[in-house]
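S.K.:
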Ligand code: ATP
Ligand code: MG
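Numbering (my numbering), first residue to last: 31 to 456.
1) My parser needs the beta strand (DSSP E) runs of 3 or more residues fully inside the stretch 204 to 237; what are they?
2) Cβ atoms of residue 113 and residue 136: under 9 angstroms apart, would you say?
3) Mark residue 338 as exposed unless 16 or more other C-beta atoms lie within 10 angstroms of its C-beta, in which case mark it buried.
4) Identify which residue in 368, 208, 172 and 437 has its Cα closest to the Cα of residue 67.
5) Assign residue 91 to one of three DSSP states: helix, strand, or coil.
6) Would you tell me roughly how many angstroms separate the C-alpha atoms of residue 353 and residue 155, rounded to the nearest one?
7) Can you tell me which residues form a DSSP beta bridge with residue 457?
8) Return the chain-ordered ranges of every beta strand (DSSP E) run that is complete within the stretch 244 to 325 and spans a minimum of 3 residues.
9) Comparing the CB of residue 91 with every heavy atom of the ligand MG, is any distance shorter than 8 angstroms?
10) Mind the definition here: the stretch 147 to 165 touches the stretch 38 to 49 only if three or more C-beta pairs lie below 8 angstroms; say whether that holds.
11) With contact counted as at least three CB pairs below 8 angstroms, one residue from each stretch, are the stretch 318 to 327 and the stretch 215 to 228 in contact?
12) Under three-state DSSP, which class holds residue 455?
13) Shorter than 8 angstroms, the distance from the beta carbon of residue 95 to the closest heavy atom of the ligand MG, or not?
14) Residue 108 and residue 160 look like a contact to me (Cβ under 8 angstroms); what is the Cβ gap, rounded to whole Å?
15) Name the DSSP bridge partner or partners of residue 97?
16) How big is the Cα-Cα spacing for residue 342 and residue 142?
17) Identify the continuous beta strand (DSSP E) that holds residue 155 and give its terminal residues.
18) Do you know offhand how far residue 387's Cα is from residue 349's?
19) Taking the alpha-carbon positions, what's the residue 47 to residue 310 distance?
20) Residue 307: which of 240, 251, 264 and 244 sits nearest, CA to CA?
21) Which full runs of the beta strand (DSSP E) of 3+ residues lie inside the stretch 334 to 374, going along the chain?
22) Considering only heavy atoms of the ligand ATP, does any lie closer than 8 angstroms to the CB of residue 332?
23) Excluding sequence positions up to five away, which residues of its chain have a Cβ less than 8 angstroms from the Cβ of residue 406?
24) Since I believe residue 380 is in contact with residue 439 (beta carbons under 8 angstroms), could you give me their beta-carbon distance rounded to a whole number of angstroms?
25) Counting pairs of Cβ atoms below 8 angstroms between the stretch 200 to 214 and the stretch 56 to 65, do you hit three or more?
26) Look up residue 60 in the DSSP assignment and say whether it is helix, strand or coil.
27) Going by CA-CA distance only, name the one from 144, 92 and 163 that's closest to residue 121.
28) Helix, strand or coil: how does DSSP classify residue 427 here?
29) Closer than 6 angstroms by C-beta to residue 262: which residues in its own chain qualify, once you throw out the five before and the five after it? Chain order, please.
30) Assign residue 396 to buried or exposed, taking buried as 16 or more other Cβ atoms, counted over all protein chains shown, within 10 Å of its Cβ.
31) Of all the options 277, 292, 314 and 302, which has the alpha carbon lying nearest to the alpha carbon of residue 324?
32) How about residue 297: is its Cβ closer than 8 angstroms to a heavy atom in the ligand ATP?
33) Report the partner residues of residue 136 according to the DSSP bridge assignment.
34) Relative to the alpha-carbon of residue 205, which residue among 255, 178, 184 and 248 has its alpha-carbon at the smallest distance?
35) Please state whether the Cβ-Cβ distance between residue 213 and residue 251 is less than 9 angstroms.
So this is what it looks like as structure tokens:
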């Protein structure tokens with residue numbers, strides 16, 4: 031494989047894609063801020079134990095998907111496959127448990143060794159929120175509302191449905207576990223090798239299998255919802271009532287589980303019908319056991335993560351780049367070229383985006399102005415130079431006028447503000 035190829039499952043974000051990508055991240059960041067989530071960042075690699083311990087040694091991520099390597103001292107490190115474990119580690123190592131609730135937003139690259147396909151890469155990006163320190167379902171409602179708000183603000187294609195379920199508390203899951211194992215044991219021959227292996231260690235995980243044979247068995251399995259104790263049922267009712275209070279539509283999916291070990295009570299996903307098999311754009315839930323599992327003080331938590339690439343692909347309209355000013359020196363005369371450079375810098379300092387056509391005849395330079403979608407061309411020829419002036423051409427209307435240099439910025443501002451008579455009074 032040529033070393034000039036990007037690594038399989040990785041992807042260059044060329045400027046246009048990057049714009050859509052940034053729009054997703056910035057919208058997420060902005061909306062999350064309104065809900066009181068402050069941004070933080072953790073390293074993109076951690077000691078492998080951070081993930082192995084928290085994600086559980088039967089998860090797909092830990093068993094198949096992690097990029098784990100020994101550093102030069104032989105320390106086992108892992109490129110983060112997801113964001114929550116690192117945030118939880120940071121919460122503990124920075125001693126943040128005294129100032130609750132702890133509410134953060136994050137954005138960044140994640141790494142999983144998966145089979146690449148549309149909407150599934152080996153390096154991808156997530157935005158996410160975590161809310162630590164609140165055990166009431168009100169926190170779940172807030173976290174879900176922030177997610178819905180971001181999806182709405184992005185205006186993404188297709189119908190995006192909120193699916194919810196409850197995994198109950200530990201006692202309920204234990205009760206269910208017995209019934210599930212009994213059922214699955216009866217149909218063990220139909221299960222995949224992976225699932226047979228999980229039957230003892232983590233039967234709930236089988237419910238999240240993507241294997242078709244497994245899925246057929248799972249369709250007949252008993253439902254966790256029938257094993258909830260009163261406290262778990264009350265929690266779930268409060269969640270649903272809370273969502274209804276603020277007008278958030280949802281669909282209950284009794285078979286929805288999260289692929290990770292540390293979830294309990296709330297599990298949810300936002301799915302779209304516009305992305306084929308990779309239809310989940312945002313997924314999350316409650317993880318009250320996580321911080322304690324990692325060795326920190328028992329602290330409840332709830333959060334979600336969303337795939338930035340998947341959301342970017344679904345933008346109904348990618349935001350346009352800011353329209354620049356095109357600086358067009360008329361001719362290749364060295365004096366004019368210098369003057370054009372000086373004016374370009376002056377305009378940039380005044381806050382304008384300016385594209386300077388470095389060379390070529392007038393036609394070629396106008397073509398370039400078109401290509402970068404310039405709003406106005408600033409034309410500087412010998413006549414203008416001698417008159418200490420420039421010619422401004424509104425590239426939308428074709429209208430143009432010559433203004434003295436001391437009125438250049440002011441006139442440009444008028445044109446950008448869209449004033450029909452920006453040339454008036456000249
Ligand atoms: P899936 O069932 O699709 O494998 P998952 O359960 O592994 O998803 P999470 O760990 O919940 O996904 O990640 C949250 C979100 O991150 C997903 O809903 C998806 O939008 C995105 N995501 C996960 N893995 C990838 C990937 N390999 N490439 C692109 N986006 C991804
Ligand atoms: Mg996955």
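The beta-carbon is built from N, C-alpha and C at its ideal position, and this holds for glycine as well.
M.R.: Short version:
1) none
2) yes
3) buried
4) 172
5) helix
6) 28 angstroms
7) Residue 457 cannot be examined here, being either before or after the span of the chain that is shown, 31 to 456.
8) 294 to 302 and 310 to 316
9) yes
10) yes
11) no
12) For residue 455, the predicted structure reports a pLDDT of 45, less than 50, and the residue's modelled location is therefore unreliable. The matter cannot be settled from this model.
13) yes
14) 19 angstroms between Cβ atoms; not a contact.
15) 109
16) 19 angstroms
17) 153 to 162
18) 25 angstroms
19) 20 angstroms
20) 240
21) 355 to 359
22) no
23) 355, 356, 422, 423, 424, 425, 442, 445 and 446
24) 5 angstroms
25) no
26) helix
27) 163
28) coil
29) 198, 199 and 202
30) buried
31) 292
32) no
33) 158
34) 255
35) yes
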